[in-house]
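A short worksheet on the structure shown next.
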Amino acid sequence: AQSVAQPEDQVNVAEGNPLTVKCTYSVSGNPYLFWYVQYPNRGLQFLLKYITGDNLVKGSYGFEAEFNKSQTSFHLKKPSALVSDSALYFCAVSRHAGNNRKLIWGLGTSLAVNP
Amino acid sequence: ETGVTQTPRHLVMGMTNKKSLKCEQHLGHNAMYWYKQSAKKPLELMFVYNFKEQTENNSVPSRFSPECPNSSHLFLHLHTLQPEDSALYLCASSQVSIAGGLAYEQYFGPGTRLTVT
């Protein structure tokens, strides 16, 4: 079955420390992988994506993610967390379905950055 | 206005009411989407419009009726809803190629918080 897993409901990190939000996927074929962030009372905002090429992808607000094909993972990282990074983070993978690609979404991980 | 806008931001309606949600995108995209976001559940794709044509209807009950008059506007007409339909309804847009494919990221509006009483 095609799926995306975000194994942690919540991640807590101190401001200034590195953060990692985990994502693993199970999809046939070559996946397209995305990270989105949702701040309270807001829609989702695109952070970054992996389509092909370099496994390390850099995105908005200093975030980056590493595609690991052997581990089928696409973990989101940031070297130094800010309190303003506190939000809900969603991983999504796109799989080919006929003439279209469908996004499969994770359940989200709530990130809390403590001052 | 920039990006994707949605109105109203909040809506409370009775089970016998009829209301509509509106979405407008100012990004020049050719695909638009309706999603339902409920707590502790994955984001649920409801409808997809590519080039104004509906290409996806994920077994959504008929009490939800989408309308896409042009590539910039998307509506979700609601009637005789149930309390379990209470959720955040998100609109999104993206660019898609004529050959199909969703390698392009989606841009979301702020959502409409719907409460059905």
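Read top to bottom, the protein sequences are chains A and B.
In case it helps, my numbering puts the first sequence at residues -7 to 107.
In case it helps, my numbering puts the second sequence at residues 22 to 138.
Cβ atoms here follow ideal geometry from the backbone N, Cα and C, with glycine treated the same way.
Just mark Y81(A) as buried or exposed, buried being the case when its beta carbon has 16 or more other beta carbons within 10 Å.
-> Residue numbering aside, residue 81(A) sits at position 89 when the first sequence is read from its first letter. It counts as buried.
Would you please verify whether the beta carbon of F68(B) is less than 8 Å from any beta carbon of chain A?
-> Indexing the second sequence from 1 puts residue 68(B) at position 47. False, the Cβ-Cβ gap to chain A never drops below 8 Å.
Sub-8 Å separation of F55(A) and L68(A) beta-carbons = Taking the first residue of the first sequence as position 1, residue 55(A) is located at position 63. Taking the first residue of the first sequence as position 1, residue 68(A) is located at position 76. Yes, they are a contact pair.
Which of helix, strand or coil does DSSP assign to S172(B)?
-> Nothing can be reported for residue 172(B), as the shown portion of chain B is limited to 22 through 138.
Would you mind stating whether K70(A) and P107(A) have Cβ atoms separated by less than 8 Å?
-> Numbered from its first residue, the first sequence carries residue 70(A) at position 78. Numbered from its first residue, the first sequence carries residue 107(A) at position 115. No; because the gap between Cβ atoms is not below 8 Å, this pair is not in contact.
Other residues of its chain near S107(B): CB distance less than 7 Å, five sequence neighbours each side excluded = On the second sequence, residue 107(B) is found 86 positions in, with the first residue counted as 1. Taken in chain order, the residues that qualify are L135, T136 and V137.
From P23(A) to L66(B), what distance separates their C-alpha atoms?
-> Within the first sequence, the letter at position 31 stands for residue 23(A). Within the second sequence, the letter at position 45 stands for residue 66(B). Distance between the alpha carbons of P23(A) and L66(B) is about 19 Å.
Helix or strand or just coil, what does DSSP make of P88(B)?
-> As a first step, residue 88(B) is located in the second sequence; it is residue number 67 there, counting from the start. In the sequence as displayed, the identity of residue 88(B) is Glu instead of Pro. It is a strand residue.
Within chain A, partners of G130(B) - CB distance below 7 Å = Position 109 of the second sequence, counted from the first residue, corresponds to residue 130(B). Here the neighbours are G35.
Check whether the Cβ atoms of L42(B) and F129(B) lie closer than 8 Å to each other.
-> Taking the second sequence and counting its residues from 1, one reaches residue 42(B) at position 21. Taking the second sequence and counting its residues from 1, one reaches residue 129(B) at position 108. Contact flag unset, no.
State the beta-bridge partners of I96(A) as determined by DSSP.
-> Position 104 of the first sequence, counted from the start, is the residue given in the question as residue 96(A). Answer by DSSP bridge pairing, in chain order: V85(A).
Could you tell me whether the region 89 to 105 of chain B touches the region 72 to 79 of chain B, using the rule of 3 or more Cβ pairs below 8 Å?
-> yes
Bridge partners of T26(B), per DSSP?
-> Position 5 of the second sequence, counted from the start, is the residue given in the question as residue 26(B). T26(B) pairs with E45(B).
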